[in-house]
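Colleague:
Protein chains: 2
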Amino acid sequence: MRRRPSQRDIARAAGISQPTVSIVLNGRADEYGIALETQDKVREAMRRLGYVPDVAGRSLRGGRNGLIGVHTFERVFPVGPDDYYHEFLVGIEEKAVEMGQDLVLFASTQRPDGTRSIYGAGTNRLRLADGAIILGLERNDDELVRLAREGFPFVFIGRRDIPGAHTPYVAADYAGAIAEVVEALSSAGHTRVGYLGLDGTLRRGPQEERREAFYQCAGRRGLEPDRPALMASEALTGAWLREVAASETTALVIEAFELADALAATALREGVRVPDDLSVVCLDLPPVSSPGWSHIAVPRRDMGARAVALLLGLLDGEVPADRHEIVPCDPLTGDTIAPPR
Amino acid sequence: MRRRPSQRDIARAAGISQPTVSIVLNGRADEYGIALETQDKVREAMRRLGYVPDVAGRSLRGGRNGLIGVHTFERVFPVGPDDYYHEFLVGIEEKAVEMGQDLVLFASTQRPDGTRSIYGAGTNRLRLADGAIILGLERNDDELVRLAREGFPFVFIGRRDIPGAHTPYVAADYAGAIAEVVEALSSAGHTRVGYLGLDGTLRRGPQEERREAFYQCAGRRGLEPDRPALMASEALTGAWLREVAASETTALVIEAFELADALAATALREGVRVPDDLSVVCLDLPPVSSPGWSHIAVPRRDMGARAVALLLGLLDGEVPADRHEIVPCDPLTGDTIAPPR
DNA sequence: GTGAGGCCCTAATACGTATAAGGACCTAAG
DNA sequence: CTTAGGTCCTTATACGTATTAGGGCCTCAC
Numbered sequence: 017m018r019r020r021p022s023q024r025d026i027a028r029a030a031g032i033s034q035p036t037v038s039i040v041l042n043g044r045a046d047e048y049g050i051a052l053e054t055q056d057k058v059r060e061a062m063r064r065l066g067y068v069p070d071v072a073g074r075s076l077r078g079g080r081n082g083l084i085g086v087h088t089f090e091r092v093f094p095v096g097p098d099d100y101y102h103e104f105l106v107g108i109e110e111k112a113v114e115m116g117q118d119l120v121l122f123a124s125t126q127r128p129d130g131t132r133s134i135y136g137a138g139t140n141r142l143r144l145a146d147g148a149i150i151l152g153l154e155r156n157d158d159e160l161v162r163l164a165r166e167g168f169p170f171v172f173i174g175r176r177d178i179p180g181a182h183t184p185y186v187a188a189d190y191a192g193a194i195a196e197v198v199e200a201l202s203s204a205g206h207t208r209v210g211y212l213g214l215d216g217t218l219r220r221g222p223q224e225e226r227r228e229a230f231y232q233c234a235g236r237r238g239l240e241p242d243r244p245a246l247m248a249s250e251a252l253t254g255a256w257l258r259e260v261a262a263s264e265t266t267a268l269v270i271e272a273f274e275l276a277d278a279l280a281a282t283a284l285r286e287g288v289r290v291p292d293d294l295s296v297v298c299l300d301l302p303p304v305s306s307p308g309w310s311h312i313a314v315p316r317r318d319m320g321a322r323a324v325a326l327l328l329g330l331l332d333g334e335v336p337a338d339r340h341e342i343v344p345c346d347p348l349t350g351d352t353i354a355p356p357r
Numbered sequence: 017m018r019r020r021p022s023q024r025d026i027a028r029a030a031g032i033s034q035p036t037v038s039i040v041l042n043g044r045a046d047e048y049g050i051a052l053e054t055q056d057k058v059r060e061a062m063r064r065l066g067y068v069p070d071v072a073g074r075s076l077r078g079g080r081n082g083l084i085g086v087h088t089f090e091r092v093f094p095v096g097p098d099d100y101y102h103e104f105l106v107g108i109e110e111k112a113v114e115m116g117q118d119l120v121l122f123a124s125t126q127r128p129d130g131t132r133s134i135y136g137a138g139t140n141r142l143r144l145a146d147g148a149i150i151l152g153l154e155r156n157d158d159e160l161v162r163l164a165r166e167g168f169p170f171v172f173i174g175r176r177d178i179p180g181a182h183t184p185y186v187a188a189d190y191a192g193a194i195a196e197v198v199e200a201l202s203s204a205g206h207t208r209v210g211y212l213g214l215d216g217t218l219r220r221g222p223q224e225e226r227r228e229a230f231y232q233c234a235g236r237r238g239l240e241p242d243r244p245a246l247m248a249s250e251a252l253t254g255a256w257l258r259e260v261a262a263s264e265t266t267a268l269v270i271e272a273f274e275l276a277d278a279l280a281a282t283a284l285r286e287g288v289r290v291p292d293d294l295s296v297v298c299l300d301l302p303p304v305s306s307p308g309w310s311h312i313a314v315p316r317r318d319m320g321a322r323a324v325a326l327l328l329g330l331l332d333g334e335v336p337a338d339r340h341e342i343v344p345c346d347p348l349t350g351d352t353i354a355p356p357r
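As you go down the protein sequences, you meet chains A and B in turn.
For the first sequence, the working numbering assigns the number 17 to the initial residue and increments by one for each residue that follows.
For the second sequence, the working numbering assigns the number 17 to the initial residue and increments by one for each residue that follows.
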């Protein structure tokens, strides 16, 4: 008798039938009028045999398992320390703890090339969980559409408006936060502002969203932004920085933390003083990073937590299937915005 | 007809029986001698109806659900970046990907005080997975004993010899690595060596294991170690370091990365040159840390991966239930061991 | 003493899958 | 003509769960 005890085993041990066990287990004993004595027998047997409901059986039947799936379109734990997913996971786990749910990290969906696919492995593994939180930088709209069409409950982290599909998501309020940045620069007296963007496709979606929000907002507030300078962080040269410092541009908006790190090093080397010679603001600096530069930050932890709450709301049917949640960014902090020189 | 197609639907569409569909799907058509024409009909219907196998049904049938539990006696994702668990998780995930398994992080087992307990919630939630990998700094021997007695398959990460229970574990070969350190110090010409240990209970088990291994090994190799200096990293003062540098002691073995960081800062302040004035070796420096100090490192990634492999071996019955695995540490690297001044 | 109604439980079933056992049909050998 | 053997498929079953329908037994009222 090596196999895990099932409801039938409990029933046998308690001298009653399997459905009764199920009823007691699910707290519907009163509703069905099960004698207290019987309930005790059942619970005692469960404890004694170490019963735990079977995931497969439950989800086959259509019930809940207390499992929240987490699917990422790339590896969950990249090697580097500045990990895109980590903070999201922290938030997800925190809320899961609070709500008494466990998490399933889908590792089995990874293909040989390192990307992950919901349907790639031939089966939709996500179904083992009650619902899933999905995150990823790649655009995999077709898989999401299919998932939505199957009626599987999920929440995407990040803005993801897909035509023709109701996909609930939790996104950061970039626009609001960037308005705050623009306001701060403007009221410090800046008019010509440079924009340093990340070249390449690494996190293209979010980057472009920031960029657009910035340019729209700057225009409305009377700022004159330079055309965006796009480069990889290794490509940031002293010559470029000297040129900026010598130009009319008095402040720099930086799109990504890699560029901020590179800029910090270059500025130090070139003797460009921040913020005396050049004001600097970074959009989305991770918590562990860089000097105390002015920045806003995507509230990853908070977004993770909200995603869990939203998913549970979905599962309980308390929330419509096309609900979006926009989470305010962490407010602008730091001290590298000064009046122009 | 909103629901996803099942094998029965395929069968109906192709005008045959459900088991035939299953047989074709699993590539056993030849074995069962299914006519090519029938196979084509089946495959065509699958494509047309968009069939995707149902995991729940499968794992219900197979007895396994492809879920590997990960239980930690503390939070999985602490807030700090120098995260004790992170590297283990990386290894676990890597191997899980390779073996096509998914991971369950047990968040529901957390008690209000932040600690986690296997049996705290009344039932052993771990049972939901096929088996589990358990890690944690606290000693919770009683829960492990109970788990072992219940016959639940698990692997502990870290040395954990519990009298009267077969608990498989994966541990680092501290002794071997520390012998390497002692050998290096000795052959560089050192005889008097200091030992800087971490005070407090934070990671007591592993720390003490290192300490004992060092003192035993040093004795055998003819080194004269000072009595260990135990302190919290904040308590490391310039005065202490000056005293060491002025004494007969020519090398320092450091137990934990926090102390290494603190020592680096203090040495810089005090003008103590490493390794010219003092040789330094750290036991277990995380990958992302500090100057290029000489150190050995606990092979966390590797240990995580081995734990997964060991657990699957256990599940397949290919491995006895009392198997221990000792993983060699990453070899000594760095350049802060020099001849004594 | 018959019916109503409450109490407490069981039998039957369905979900999707995989496999063992079995059966129908045909061909070829004796 | 019978039988052995091959080919190709089906029937039956089991896995663990939750729910619907139903049934036995007791008590009380008429």
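Heads up, the beta-carbon is just placed ideally off N, CA and C, and yes, glycines get one too.
#1: Grab me the residues of B/A191's own chain with a C-beta within less than 6 Å of its C-beta, minus the 5 sequence neighbours each way, in chain order.
#2: Any idea what DSSP makes of A/A72, helix, strand or coil?
#3: What does the Cβ neighbour count give for A/Y48, buried or exposed, with the cut at 16 atoms within 10 Å?
#4: My assumption, with CB atoms under 8 Å, is that B/F168 sits in contact with B/L160. Please give the rounded CB distance.
#5: Quick one: is A/L160 near chain B, going by C-beta distance under 8 Å?
#6: Please check the pair B/P21 and B/G66, which I expect to be a contact at CB under 8 Å, by giving their CB distance rounded to whole angstroms.
#7: Exposed or buried, which one is A/D177 when buried takes at least 16 other CB atoms within 10 Å?
#8: Under the assumption that A/S295 contacts A/A267 (Cβ atoms under 8 Å), give the Cβ distance between them as a whole number of angstroms.
#9: Given the structure, does B/R132 come close to the ligand GTP, in the sense that its CB is under 7 Å from one of the ligand's heavy atoms?
#10: According to DSSP, simplified to helix, strand and coil, what is B/V197?
#11: If the cut is a Cβ gap below 7 Å, which residues of chain A does B/P69 touch?
#12: B/G210 by DSSP, collapsed to three states: which one?
#13: From B/S203 to B/A255, what does the alpha carbon distance come to, in whole angstroms?
#14: Residues of chain A with CB closer than 7 Å to the CB of B/Q117, please, in chain order.
#15: Could you tell me the distance, in whole angstroms, from the CA atom of A/A112 to the CA atom of B/L330?
#16: Which residues, in chain order, does the region 171-198 of chain A contribute to contact with chain B at a C-beta distance below 7 Å?
#17: Consult DSSP for B/L330 and reduce its assignment to one of helix, strand or coil.
#18: Of the residues A/A325, A/V290, A/G333, which one's Cα is nearest the Cα of A/P355?
#19: Run down chain B in chain order and give the residues with a C-beta less than 7 Å from the C-beta of A/G66.
#20: Just to make sure I have the definition right: I need the residues of chain A whose C-beta is within less than 9 Å of the C-beta of B/A251. Which are they?
#21: Following the continuous beta strand (DSSP E) through A/T88, name the residue where it begins and the one where it ends.
#22: Starting from the Cα of B/D338, find the closest Cα among B/D318, B/S75, B/F170 and give me that residue.
#23: Counting Cβ pairs closer than 8 Å, one from the region 33-40 of chain B and one from the region 340-355 of chain A, do we hit at least three?
#24: Enumerate, from N- to C-terminal direction, the unbroken beta strand (DSSP E) stretches of 3 or more residues contained entirely within the region 124-154 of chain A.
#25: CB A/E90 to CB A/E154, shorter than 8 Å?
#26: Is there a Cβ of chain A sitting closer than 8 Å to that of B/G43, yes or no?
#27: Distance cutoff 8 Å, beta carbons only. Does B/S75 sit that close to anything in chain A?
#28: Identify each residue in the region 29-41 of chain A for which the Cβ-Cβ distance to at least one residue of chain B is less than 9 Å, and report them in chain order.
#29: Going by DSSP, what residues sit across from B/M247 in a beta bridge?
#30: What is the rounded straight-line gap between the Cα of A/D346 and the Cα of B/E103?
#31: Determine the direct distance from the alpha carbon of B/N42 to that of B/Q126, and round the result to whole angstroms.
#32: Which of the three DSSP states, helix, strand or coil, is assigned to B/S295?
#33: Tell me whether A/E103 sits in a helix, a strand or coil according to DSSP, three-state version.
#34: Quick one: what's A/Y14 bridged to in DSSP?
#35: Among A/A261, A/V269, A/T265, A/D277, whose alpha-carbon lies nearest the alpha-carbon of A/R226?
#36: What separation, rounded to the nearest whole angstrom, lies between the Cα atoms of B/H311 and B/V209?
Modeller: With the structure as the only source:
#1: A229
#2: helix
#3: A/Y48 comes out exposed.
#4: Their Cβ separation, rounded to whole angstroms, is 10 Å, which puts B/F168 and B/L160 out of contact at 8 Å.
#5: no
#6: 7 Å
#7: The Cβ neighbour count for A/D177, taken over all protein chains shown within 10 Å, is under 16; the residue is labelled exposed.
#8: 4 Å
#9: As far as ligands go, the structure on display features none, and thus does not contain the ligand GTP.
#10: helix
#11: G138, T139
#12: B/G210 carries a strand assignment under DSSP once its states are collapsed to helix, strand and coil.
#13: CA-to-CA, the gap between B/S203 and B/A255 works out to about 29 Å.
#14: A123, S124
#15: Distance between the alpha carbons of A/A112 and B/L330 is about 30 Å.
#16: none
#17: helix
#18: A/V290
#19: N140, R143, E166
#20: Chain A residues near B/A251: none, gap ~24 Å exceeds 9 Å.
#21: 83-88
#22: Here the closest residue by C-alpha is B/F170.
#23: no
#24: 147-151
#25: A contact, by the Cβ cut-off of 8 Å.
#26: no
#27: yes
#28: Residues are counted here when their Cβ sits less than 9 Å from a Cβ of chain B; for the region 29-41 of chain A the count is zero.
#29: B/L214
#30: 28 Å
#31: Taken atom to atom, the span from the alpha-carbon of B/Q126 to that of B/N42 is near 41 Å.
#32: Correct three-state label for B/S295: strand.
#33: helix
#34: An answer regarding residue 14 of chain A cannot be provided, because it is not within the stretch 17 to 357 covered by chain A.
#35: A/V269
#36: 15 Å
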